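S.K.: Taking my numbering, I'd label the letters of the sequence shown as residues 227 to 622.
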Amino acid sequence: MERKCFQQLSILLLTAILIAGIGSVMPSSTRQVYAAGNKKMKLNHSSVTMQAGTKRKLKITKGKPSGTAKWRSSNKKVAVVSKKGVVTAKKKGTAVITAKAKRGKKTAKCRIKVFKAKVSSFPLSKGKNGKAPTITLNSGYKMPVLGLGTYSLEDEVCVNSVVAALKAGVRKIDTAYIYDNEESVGEGIKKSGVPRKEIFVTTKLYMDQYDNAEKAIDDALNRLDLEYIDLMLLHHPDENDVKAYKAMEKAVRQGKIRSIGLSNYYIKEMKEFLPKVSITPALVQNEIHPFYQEKKVVEYMHKQGIAVEAWYPFGGRGYTGKLLNNKTISKIAKAHGVSSAQVILRWHLQRGVVAIPGSSNPDHIKENISVFSFKLSKKEMGQIGKLDRNEKHDWY
Ligand SMILES: NC(=O)c1ccc[n+]([C@@H]2O[C@H](COP(=O)([O-])OP(=O)(O)OC[C@H]3O[C@@H](n4cnc5c(N)ncnc54)[C@H](OP(=O)(O)O)[C@@H]3O)[C@@H](O)[C@H]2O)c1
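Shown next as structure tokens:
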């Protein structure tokens with residue numbers, strides 16, 4: 227009797243395990259495959275974030291949607307979808323886009339989250355020397371508009387720079403795997419005594435990490451010794467960048483990263499990249515300074531709700547003298563009783579570009595976070611605007 231009972235129980239248990247097992251191996255995208263005539267189609271996204279006022283074509287990886295699929299939006303006030311699957315984001319909110327095959331039975335669905343990020347102008351009047359104002363990224367997280375860059379700062383120099391910056395009121399630190407100083411940045415954060423939640427940390431994945439990005443993200447968290455990364459960027463375009471970006475999207479869902487973005491992507495690269503991913507990048511970090519102003523690129527990113535950040539805000543090492551001693555900039559600095567470096571930083575911020583000046587000198591660091599007690603006039607902004615000479619100081 228006892229034996230029979232045990233046998234029945236075992237069969238029940240085995241069946242339950244089998245059902246659970248089958249459930250877990252069922253591809254999660256099954257509901258996204260539908261049939262039109264004899265063709266199978268697969269919608270590439272299950273959810274997409276978009277800035278209000280922008281358009282995006284939903285990507286189908288198999289089959290052809292035109293003429294055979296009927297697209298519908300659950301909320302036309304938030305987003306409308308054309309016959310060919312082009313979504314126009316209208317206002318902040320969520321809509322579900324459904325593609326139904328004309329003769330097929332199944333439908334494919336994609337959730338569209340429309341945001342309205344205002345990242346093109348900064349609330350600079352809210353800033354104080356020693357405390358930069360913040361903007362809200364399209365991810366919903368706040369980020370200071372001025373920070374510290376750590377490229378070429380090594381070991382103790384890096385630790386000390388991070389400590390000096392945090393003590394001076396800087397709350398945004400930029401590092402990268404390739405700078406080989408993520409551990410020092412983490413050490414500086416701990417040494418400063420400033421609470422983690424007050425600090426915005428950016429790091430980047432390098433191209434040789436893209437193929438195994440999930441591990442690379444965990445490694446970055448370990449080196450920084452942090453529980454989450456505020457912003458992670460892909461350092462450069464590369465054949466595996468979409469794969470790496472998808473790993474970052476997954477890490478966002480897992481809470482390991484809060485916001486994700488790109489570096490060294492321009493208009494052409496963005497137009498190719500954006501349709502392939504689900505989360506719109508929160509920020510793009512590119513070379514920008516008075517001699518290389520990237521007006522069209524800045525405008526393009528802002529229209530997409532993507533914040534723009536300048537690397538080499540002073541032109542980069544080896545070029546800073548040329549910019550800091552420039553006649554126009556020096557004259558404006560003299561008129562305001564500030565340094566040329568401060569004028570350049572203020573210029574970046576007044577045109578809606580975030581800056582991360584690099585420095586290992588505590589006096590410079592303090593000076594760089596003190597750009598909130600003066601304002602450049604329209605005329606002065608125009609004068610610096612005219613210094614643009616399309617002069618790039620690095621190859622990427
Ligand atoms: N994504 C990318 O591909 C990429 C590429 C390059 C850089 N970046 C990031 O962008 C950050 C900024 O670039 P960067 O550091 O290379 O160049 P940068 O900020 O244009 O210039 C740094 C140089 O400016 C000097 N400096 C800083 N503040 C100064 C001041 N108030 N007065 C006079 N000189 C001053 C520094 O010297 P002292 O140390 O003496 O102050 C250093 O030599 C990097 O640190 C890095 O985080 C990203």
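Ideal placement from N, C-alpha and C gives every residue a C-beta, glycine not left out.
Just so we're clear, the structure is a prediction, and the values are computed from it rather than from any experiment.
Taking the alpha helix (DSSP H) that Ser387 belongs to, which residues open and close that run?
M.R.: Start and end: Asp381 to Ala394.
S.K.: Comparing the CB of Lys393 with every heavy atom of ligand 1, is any distance shorter than 8 Å?
M.R.: Outside the cutoff, so no.
S.K.: Buried or exposed, going by whether 16 or more other CB atoms sit within 10 Å of the CB of Ala559?
M.R.: Buried: at least 16 other Cβ atoms inside 10 Å.
S.K.: Which value, in whole angstroms, describes the spacing of the CA atoms of Pro253 and Val322?
M.R.: Because Pro253 sits at a pLDDT of 32, beneath the cut-off of 50, its placement in the model cannot be relied upon, and the point is left open.
S.K.: Any heavy atom of ligand 1 closer than 8 Å to the beta-carbon of Trp537?
M.R.: Because some heavy atom of ligand 1 lies under 8 Å away, the Cβ of Trp537 counts as near it: yes.
S.K.: With distance defined between alpha-carbon atoms, name the residue in Tyr367, Val371 and Lys604 nearest to Phe598.
M.R.: Per the Cα distances, Val371.
S.K.: Using only the heavy atoms of ligand 1, determine whether one of them is closer than 8 Å to the beta carbon of His430.
M.R.: The amino acid occupying residue 430 in the given sequence is Lys; His does not appear at that position. Yes, ligand 1 has a heavy atom inside 8 Å of this Cβ.
S.K.: Since Lys317 is in the alpha helix (DSSP H), which residue starts that stretch and which ends it?
M.R.: Here Lys317 belongs to no alpha helix (DSSP H), and DSSP marks it neither H nor E.
S.K.: Taking the straight line between their C-alpha atoms, what separation do you get for Lys316 and Met276?
M.R.: The straight-line gap from Cα to Cα measures roughly 9 Å.
S.K.: Return no unless some Cβ of chain D is closer than 9 Å to the Cβ of Ala394.
M.R.: Of the protein chains in the structure, only one exists, and it is not chain D.
S.K.: If the criterion is Cβ atoms closer than 9 Å, does the pair Val345 and His528 meet it?
M.R.: Cβ atoms of Val345 and His528: closer than 9 Å.
S.K.: My parser needs the alpha helix (DSSP H) runs of 4 or more residues fully inside the region 488-565; what are they?
M.R.: If we require 4 residues or more, the alpha helix (DSSP H) runs fully inside the region 488-565 come out as 493-499, 521-529, 546-550 and 553-562.
S.K.: Taking 8 Å as the cut-off, is the CB of Asp620 close to at least one heavy atom of ligand 1?
M.R.: Yes, the Cβ of Asp620 comes within 8 Å of a heavy atom of ligand 1.
S.K.: Assuming Ser485 and Val274 are in contact, meaning their beta carbons sit under 8 Å apart, how far apart are those beta carbons, in whole angstroms?
M.R.: Actually they are not in contact, since the Cβ atoms of Ser485 and Val274 sit about 16 Å apart, beyond 8 Å.
S.K.: Can you give me the Cβ contacts of Lys417 inside the same chain, cut-off strictly under 6 Å, excluding the 5 residues immediately before and after it?
M.R.: Cβ neighbours of Lys417 beyond the five flanking positions: Val389.
S.K.: Pull up the DSSP beta-bridge partners for Ala581, would you.
M.R.: For Ala581, which the question treats as bridged, DSSP gives the partners Leu372 and Ala536.
S.K.: Since Ile630 sits in a beta bridge, which residues does DSSP pair it with?
M.R.: The chain is shown only over 227 to 622; residue 630 falls outside these bounds and no answer can be derived.
S.K.: Given that a residue counts as buried once 16 or more other Cβ atoms are within 10 Å of its Cβ, and exposed if not, what is Ala561?
M.R.: So Ala561 ends up on the exposed side.
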